[in-house]
Each structure stands twice: as C-alpha cells, then as structure tokens.
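**Student:** One structure, as structure tokens, below. Some questions next.
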Amino acid sequence: MQDAPATLDVLILAAGLGTRMRSRTAKVLHKLGGRPLIAHVCRSAAALTSRPIHVIVGHQAEQVETAVREELGEHGASFITQVEQRGTGDAVMAARDALADAGSTILVISGDVPLVRAETLGALIQQHRAHRGRGAACTMLTVRLEDPTGYGRIVRDEEGRFQKIVEQKDASAEERQVKEINAGIYCFETRSLFSALARVQPANAQGEYYLTDVPGILRADGEDVSIFLHADAREVSGINTRVELAEFERILRQRTLRRLMLDSGVTFIDPAHTYVSAEAQVGRDCVIYPDVHIEGNTVIGDDCEIRSGTRVTNSRIGNAVQIKDHCVIVDSEVADGCTIGPSAHLRMNAKLEEGAAVGNFVEMKKSKLGRRSKAMHLTYLGDATVGEKTNIGAGTITCNYDGKNKHATVIEDEVKIGSDTMLVAPVRVGRNSVTGAGSVVTKDVPPDTLVAGVPATVKKRISASAEVKAEDKKDSETRQEADAVDAPA
Ligand code: UD1
Ligand code: CA
217 MQDAPATLDV LILAAGLGTR MRSRTAKVLH KLGGRPLIAH VCRSAAALTS
267 RPIHVIVGHQ AEQVETAVRE ELGEHGASFI TQVEQRGTGD AVMAARDALA
317 DAGSTILVIS GDVPLVRAET LGALIQQHRA HRGRGAACTM LTVRLEDPTG
367 YGRIVRDEEG RFQKIVEQKD ASAEERQVKE INAGIYCFET RSLFSALARV
417 QPANAQGEYY LTDVPGILRA DGEDVSIFLH ADAREVSGIN TRVELAEFER
467 ILRQRTLRRL MLDSGVTFID PAHTYVSAEA QVGRDCVIYP DVHIEGNTVI
517 GDDCEIRSGT RVTNSRIGNA VQIKDHCVIV DSEVADGCTI GPSAHLRMNA
567 KLEEGAAVGN FVEMKKSKLG RRSKAMHLTY LGDATVGEKT NIGAGTITCN
617 YDGKNKHATV IEDEVKIGSD TMLVAPVRVG RNSVTGAGSV VTKDVPPDTL
667 VAGVPATVKK RISASAEVKA EDKKDSETRQ EADAVDAPA
C-alpha cells in the first residue's frame with residue numbers, strides 16, 4: 217500500500233520590485249485583465265489546496281497583501297516578509313521558520329506567472345509525487361523557447377539527466393545556446409529544499425542567493441531531481457517587462473473572446489479591438505461593436521447590442537438592451553428592453569427598470585428610472601427616484617447638492633417634467649403632474665398639478681389620468697395636500 221501523499225504547502229514569491237518594469241509600482245501589482253498579476257497566480261494556486269497560501273512580500277508589502285487578500289479572502293493567505301531582496305533563494309529562506317519542519321511537499325512559484333493554470337500545477341505535483349514510484353526531492357517545470365534570452369537555462373549531462381540551472385548572466389556562450397529554460401515553478405520536498413538552501417552562496421554575477429542553485433545541490437547530493445517539460449511556454453512564462461505585459465493582455469483577451477464566441481454565442485464585429493474581462497458574462501446573440509470595454513464582474517443578458525466606444529464596468533445588463541455609442545456604465549443595473557445613449561453616463565448604482573430609456577448626454581448617479589420612463593436629452597439625475605411612464609424633458613437637472621449635503625428628488629409615475637426644469641432637492645413631484653419649461657421647482661408639487669416659473673408655482677390642476685384617479689380614491693390624503701398648495705402668484 218502506498219503512503220498517503222504529504223500535505224501540500226504553496227509558496228508564492230512576490231517580494232521583488234521588478235526593475236525591468238521601470239515602474240514605481242511593484243511588478244506583481246501591475247494589472248492583467250484588470251486584476252493584479254499576483255491575484256492570477258493566487259487563484260490558480262488556491263485551486264490546489266484548502267490550506268492558507270504562503271506569500272513572500274517585501275516591496276510594497278502592504279499593497280501586495282491587500283491584493284492577495286482581495287483574491288483569497290482574509291484567511292486564505294499567510295504573509296512572510298523578506299526584509300531585503302537578496303534573490304529568490306533568500307526569499308524562500310525567509311519562510312524557513314514557518315515551513316522547514318513541515319514535512320510537506322511544497323510548490324514554489326513566482327508571483328509574475330499570471331497565465332499558469334491550476335491543471336498544470338496539479339500535473340507537476342503529480343509527477344513529483346509519482347517519480348520513480350517513490351517521489352522526487354525536486355521537480356522543476358521547464359519549457360523550450362525559441363529565444364531563451366534572460367531565463368535560467370537547464371543544463372543536462374550527456375545522458376540527458378538534469379545537472380544544474382545556470383542563470384543568463386552566469387552562463388557560458390555554450391550554455392546560452394540551450395533553449396530549455398526554468399519557468400520558476402518548482403515542487404520540492406520541503407525538508408530537502410531547506411537543507412540545500414542553507415548551502416546556497418551568492419557567488420554569482422548578480423551577488424544574489426539563487427533558488428535556482430537548489431536543484432543542482434540536490435542533484436549533487438544524489439537526490440532525485442525530476443523535470444516536468446511543459447509544452448505551452450506562454451502559459452508559464454513570467455512577465456518581466458511592459459512589452460510582455462501587453463502581449464499577455466492580448467493573449468488573455470483572445471482566450472476570453474474565443475470562449476464567448478464559441479460557448480456563449482456572442483458576435484464580436486472586430487475581436488481584435490474588443491475588450492472583455494475574463495469574469496464577465498455575455499449572453500447569446502449579443503452583438504458587440506469594436507472598441508467596447510466590458511470590465512469586472514459585468515453580466516450582460518441575451519440579445520443586447522453594444523455600439524462602439526462604450527465601457528460597462530461591474531454592472532448588470534438585462535436582455536435586449538440597446539447601448540448606443542460612447543456610453544459609460546459603472547456599478548449600475550439595467551433591466552430588459554432598455555435603451556441607453558449615445559453618450560450616456562450611468563454610475564454609482566444607477567438603475568433602469570424595464571423598458572426605460574436614457575438618451576444623449578444624460579448622467580444618472582444613485583438614481584432610478586422606472587418602467588418605460590424616459591430621459592432622452594442633456595439631463596442630470598442625481599439621488600433621484602423616478603416612477604413609471606414619466607418623461608424627463610431635455611435639459612432637466614436635479615439640483616441635489618446644496619454645497620454641503622446631497623438631497624433626494626422623487627418624481628412619481630406619469631409625470632411630464634418640462635424642458636430645462638431645475639428640481640431643487642429635497643423635492644417631490646406628484647404623479648401625473650407637469651412642470652413648465654424652465655421651471656425652478658423648489659417646493660413639492662402635488663399630484664395632478666401644473667407648476668411653472670421661477671420659482672415654480674401652481675398654475676392649475678390637471679385632470680387625473682384614469683390610473684391616477686383610481687389610485688386617488690384610495691388616497692384622499694394626497695388630494696388634501698394638493699388642495700393646500702398656494703394659489704398661483
Ligand atoms: C527567475 C529564475 C530564472 C527563471 C525565471 C523564470 C532565479 C535566480 N532565476 O529569474 O531561472 O528562468 O525566474 O521567470 O530564481 N523575488 C523575491 N525576492 C527576491 C527576488 C525575487 O520575492 O529577492 C520574487 C519576485 O518578486 C518574482 C520572483 O521572485 O515574483 C522571480 O524573480 P525575478 O527577479 O523575476 O526572477 P528572474 O530574473 O525572472
Ligand atoms: Ca521573472
């Protein structure tokens with residue numbers, strides 16, 4: 217009977233600055249597909265174990281920890297500080313107290329390999345454990361590259377057995393010819409790792425403690441070192457420069473769009489110029505035009521059309537929604553059959569109920585537009601609740617800010633707000649009422665009432681719509697309020 221496999225620890229190296237990024241921001245915090253590089257690695261690693269993942273932090277430790285917690289949750293990771301960045305070997309050494317006696321198998325992975333898949337890491341661990349029927353001391357993931365410049369080379373002996381890893385800067389001309397490189401992803405028996413690590417010296421071109429010396433040391437000790445040669449070089453390559461970051465962004469985007477076209481039935485007019493986050497969902501028979509950005513956890517229903525230049529971030533869009541050109545929709549909710557834009561701006565929990573429409577140069581913030589209501593031109597709705605079948609005339613503004621506080625505007629059902637109305641909040645416009653063009657509404661408007669002027673005053677009662685009449689029978693209180701309004705000036 218075979219022993220149960222040793223527990224798995226995962227260690228992610230994320231203390232470096234990433235000099236080649238030429239950035240004030242630590243490399244692992246740079247974003248790919250809208251998420252920090254480290255978050256991508258954490259997600260793949262977390263699929264392998266339910267135990268907390270160890271993360272070595274140093275440069276901008278606090279921000280890196282925040283990014284990791286955002287991905288893994290409060291208890292998903294434990295952090296170890298590498299005080300001075302003296303190389304990848306030194307980084308792992310920082311975890312010695314936490315791990316050296318664990319008797320575990322450990323997966324060590326750089327924080328800058330965002331495309332690595334959990335399946336690949338799982339296969340590496342499996343080979344490590346199965347090596348020669350008893351498991352290896354170390355298994356490293358390698359790939360062959362046409363241009364291996366910059367990477368650690370895998371040096372094998374005449375029989376093709378692993379000998380050592382040589383870093384680019386320390387490699388001889390002959391070693392530099394080697395196309396098989398170290399991907400920076402390894403599996404170790406934890407005890408063997410720390411025993412070899414204690415013997416690593418910074419006697420190399422960079423004066424660093426190289427983790428890459430460990431496999432060679434183990435090999436010299438006569439331990440089993442195994443190589444997991446992976447076919448997909450892109451998947452496991454690290455990002456070192458912004459050129460590579462842009463290249464990865466393109467790959468990730470292609471993966472996402474391909475999946476949406478093949479599995480979800482989405483049409484992209486020009487996939488090379490469309491940007492959809494990996495988390496977003498887009499429904500069947502949607503048509504997405506060029507230069508559309510769909511970001512974060514956005515969910516889009518079926519049969520929508522999104523025209524060029526639009527950005528939708530962390531929003532929910534229903535079915536059969538038409539979003540015309542150049543709209544920005546952030547943290548908002550749009551129900552079935554709405555039309556939006558061109559050039560509309562929905563933000564901070566703007567809500568459009570079924571069949572509502574907003575047109576050009578309309579901004580909605582923390583506001584709701586009820587079923588089949590419309591605000592078609594040049595309008596700001598802030599902190600406003602608009603009922604059903606109401607029309608907001610061109611140029612209407614909710615004056616929601618008095619310089620100190622924000623105030624709410626309520627516009628009930630079947631209201632007609634005249635063009636260029638200023639609604640000075642807090643204010644309420646009762647159902648079936650009308651404001652004249654250019655009104656400045658400073659007081660509540662009762663139902664069934666026409667107001668106009670600056671400030672707006674009551675001009676006349678309007679006959680209630682059938683629907684409103686029925687409602688009013690039940691609600692005589694509102695009627696009394698209406699009668700109590702000042703006579704027109
Ligand atoms: C490393 C490998 C190289 C391999 C390549 C694959 C070494 C010495 N070399 O080189 O063989 O081909 O990865 O991408 O390991 N880090 C720390 N603390 C440090 C230094 C680095 O935490 O003191 C972290 C970095 O944040 C990064 C990772 O270790 O996430 C790798 O460091 P990096 O400088 O990118 O190593 P490479 O030069 O790419
Ligand atoms: Ca690297």
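So the sequence shown is numbered by our numbering: it starts at 217 and just counts up by one. Glycine included, C-beta positions come from ideal geometry on N, C-alpha and C.
(1) What does the Cβ neighbour count give for A672, buried or exposed, with the cut at 16 atoms within 10 Å?
(2) R360 lies in the beta strand (DSSP E); which residues open and close that run?
(3) Can you name, in chain order, every residue of its own chain whose Cβ lies under 7 angstroms from the Cβ of R236, other than the five neighbours on each side?
(4) Look at the alpha carbon of V602 and the alpha carbon of D486, and state the distance between them as a whole number of angstroms.
(5) Which stretch, first to last residue, makes up the alpha helix (DSSP H) that contains L445?
(6) In the DSSP output, what is S649 paired with across the bridge?
(7) Run through DSSP, which three-state label would Q393 get?
(8) Between T665 and G646, which are expected to be in contact by the criterion C-beta below 8 angstroms, what is the C-beta distance as a whole number of angstroms?
(9) With a CB to CB cut of under 7 angstroms and the five nearest residues on each side skipped, what residues in its chain are close to D699?
(10) Do you know how far the Cα of V273 is from the Cα of T406?
(11) Going by DSSP, name the residue or residues bridged to M638.
(12) Ligand 1 and S294: does any heavy atom of the ligand fall closer than 7 angstroms to the residue's C-beta?
(13) Short check: CB of M592 to CB of A566, under 8 angstroms?
(14) Can you grab the Cα-Cα spacing for the pair V329 / S453, in whole Å?
(15) Reducing DSSP to helix, strand and coil, say where I254 ends up.
(16) Near V579, which residues of its chain fall below 6 angstroms by C-beta distance, leaving aside the five closest residues on each side in sequence?
(17) Should I401 and I341 be called a contact, given that it needs their Cβ atoms to be closer than 8 angstroms?
(18) Could you tell me whether any non-hydrogen atom of ligand 1 is closer than 7 angstroms to the CB of A353?
(19) With respect to 7 angstroms, is the separation between the Cβ of R302 and the closest non-hydrogen atom of ligand 1 below this value?
(20) What are the start and end residues of the beta strand (DSSP E) that includes I627?
(21) On the three-state DSSP scale, how would you describe Q696?
(22) On the criterion of 16 or more Cβ atoms from any shown chain inside 10 Å, does D448 qualify as buried, or is it exposed?
(23) Leaving aside the five residues before and after A412 along the sequence, list all residues of the same chain whose C-beta is less than 6 angstroms from its C-beta, in chain order.
(24) Select from H344, I627, E335 and F444 the residue whose C-alpha is nearest the C-alpha of T614.
(25) Given that a residue counts as buried once 16 or more other Cβ atoms are within 10 Å of its Cβ, and exposed if not, what is A488?
(26) Counting Cβ pairs closer than 8 angstroms, one from the segment 414-425 and one from the segment 281-299, do we hit at least three?
(27) Which class does V492 belong to by DSSP, given the choice of helix, strand or coil?
(28) So, helix, strand or coil for D679, using DSSP?
(29) Quick one: using the 10 Å Cβ neighbour count with 16 as the cut-off for buried, is G469 buried or exposed?
**Tutor:** On the basis of the supplied data:
(1) Locating residue 672 in the sequence shown gives position 456, counting from the first residue. Burial call: buried.
(2) Here residue 360 corresponds to residue number 144 of the sequence shown, with the count starting at 1. Taken as a continuous stretch (DSSP letters only), the beta strand (DSSP E) holding R360 covers C354 to R360.
(3) Looking up residue 236 in the sequence shown gives position 20. Result list for R236: N456 and T457, in chain order.
(4) On the sequence shown, position 386 is the one that residue 602 refers to. On the sequence shown, position 270 is the one that residue 486 refers to. Going from the Cα of V602 to the Cα of D486 covers about 37 angstroms.
(5) Mapped onto the sequence shown, residue 445 falls at position 229. First-last for L445: V441 to L445, but that is the beta strand (DSSP E), not the alpha helix (DSSP H).
(6) By 1-based counting over the sequence shown, the position of residue 649 is 433. None; S649 has no bridge partner.
(7) One-based indexing of the sequence shown puts residue 393 at position 177. Coil at Q393, not helix or strand.
(8) Translated into positions along the sequence shown, residue 665 becomes position 449. Translated into positions along the sequence shown, residue 646 becomes position 430. Right, the Cβ-Cβ distance comes to about 7 angstroms (below 8 angstroms), so this counts as a contact.
(9) Taking the sequence shown and counting its residues from 1, one reaches residue 699 at position 483. Reliability of the predicted coordinates at D699 is poor, the pLDDT of 39 falling under 50, and no value is obtained from them.
(10) Along the sequence shown, read from residue 1 onward, the residue named residue 406 stands at position 190. Along the sequence shown, read from residue 1 onward, the residue named residue 273 stands at position 57. When rounded, the distance between both Cα atoms is 20 angstroms.
(11) Position 422 of the sequence shown, counted from the first residue, corresponds to residue 638. I613 and V656.
(12) Translated into positions along the sequence shown, residue 294 becomes position 78. Every heavy atom of ligand 1 is 7 angstroms or more from the Cβ of S294, so no.
(13) Locating residue 592 in the sequence shown gives position 376, counting from the first residue. Locating residue 566 in the sequence shown gives position 350, counting from the first residue. No, these two residues do not count as a Cβ contact at 8 angstroms.
(14) Counted from its first residue, the sequence shown places residue 329 at position 113. Counted from its first residue, the sequence shown places residue 453 at position 237. Straight-line spacing of the CA atoms in V329 and S453 works out to 6 angstroms.
(15) In the sequence shown, counting from the first residue as 1, residue 254 sits at position 38. In this structure, I254 counts as helix in the three-state DSSP scheme.
(16) Position 363 of the sequence shown, counting from 1, holds the residue named residue 579. In the sequence under discussion, the amino acid at residue 579 is Glu, which differs from the Val named in the question. If we look at E579 and ignore the five residues flanking it on each side, its Cβ neighbours are H561 and Y596.
(17) Start at 1 with the first residue of the sequence shown, and residue 401 comes out as number 185. Start at 1 with the first residue of the sequence shown, and residue 341 comes out as number 125. Contact: no.
(18) Mapped onto the sequence shown, residue 353 falls at position 137. Not so, every heavy atom of ligand 1 lies at least 7 angstroms from the Cβ.
(19) Within the sequence shown, numbered from 1, the residue matching residue 302 stands at position 86. Within the cutoff, so yes.
(20) By 1-based counting over the sequence shown, the position of residue 627 is 411. Where I627 is concerned, the enclosing beta strand (DSSP E) stretches over T625 to I627.
(21) Taking the sequence shown and counting its residues from 1, the one referred to as residue 696 is at position 480. The pLDDT assigned to Q696 is 42, lower than 50, so where the model puts this residue is not dependable; a value taken from the coordinates is nonetheless given after this. Helix at Q696.
(22) On the sequence shown, position 232 is the one that residue 448 refers to. That one is exposed.
(23) For the purposes of this step, residue 412 is identified with residue 196 of the sequence shown, where counting begins at 1. Taken in chain order, the residues that qualify are V430, I433 and L434.
(24) To locate residue 614, count along the sequence shown from 1; it is residue 398. Of all alpha-carbon atoms in H344, I627, E335 and F444, the one lying nearest the alpha-carbon of T614 is that of I627.
(25) Locating residue 488 in the sequence shown gives position 272, where the first residue counts as 1. Exposed.
(26) No contact exists between the segment 414-425 and the segment 281-299.
(27) Sequence index remark: in the sequence shown, residue 492 carries index 276 (1-based). V492: strand per DSSP, three-state reduction.
(28) The sequence position of residue 679 within the sequence shown is 463, counting from 1. One detail in the question is off: residue 679 reads as Ser in this sequence, not Asp. Of the three classes helix, strand and coil, the one that applies to S679 here is coil, per DSSP.
(29) For this step, residue 469 is matched to residue 253 along the sequence shown. With the sequence shown as reference, residue 469 is identified as Arg, and Gly is not the correct amino acid for it. So R469 ends up on the buried side.
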